[in-house]
Amino acid sequence: MVKITAEEAQKWLIDEIAQRLGTDPSQVPPDQYFDELDLDSTAALIIAGEMEKWLGFELGTTALWYHPTIEALAAHIAEESERRTAAV
1 MVKITAEEAQ
11 KWLIDEIAQR
21 LGTDPSQVPP
31 DQYFDELDLD
41 STAALIIAGE
51 MEKWLGFELG
61 TTALWYHPTI
71 EALAAHIAEE
81 SERRTAAV
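Here the sequence shown is numbered in full-length UniProt numbering, starting from 1 and rising by one per residue.
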């Protein structure tokens, strides 16, 4: 398992969200709440599934609830990645 940094996770999330929204990544602010991004539930589920494939581990079902911005979720992903790679 490869350790993912917060910066890598944030870039991945922004790129994926921008692609789903049909916009430039520079138009996706990392501190904006997910529920303000105009993603429908299908797009959100697709992104979540792709993210788990990319990460190599599943995020908890409450991850978006407790980390409601790209910035916060990216930091959480980095912490989880650190924990999981340290345990291997």
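Where is the CB? At the ideal position from N, CA and C, for every residue including glycine.
Keep in mind it's a predicted model, so treat the numbers as computed, not measured.
| query | result |
| --- | --- |
| Buried or exposed: which applies to W65, given that a residue is buried once 16 or more other Cβ atoms fall within 10 Å of its Cβ? | exposed |
| By how many angstroms is the C-alpha of I70 removed from the C-alpha of T61? | 16 Å |
| Measuring straight from C-alpha to C-alpha, what distance separates L13 and A86? | 23 Å |
| For the alpha helix (DSSP H) that contains K53, what are its first and last residues? | S41 to L55 |
| So, for E16: in the same chain, excluding its five sequence neighbours on each side, which residues have a beta-carbon less than 8 Å away from its beta-carbon? | I47, E50 and M51 |
| Do F57 and S41 come within 9 Å of each other at the CB atom, strictly closer than that value? | no |
| Where do the N-terminal and C-terminal ends of the alpha helix (DSSP H) with I70 fall, by residue? | I70 to A87 |
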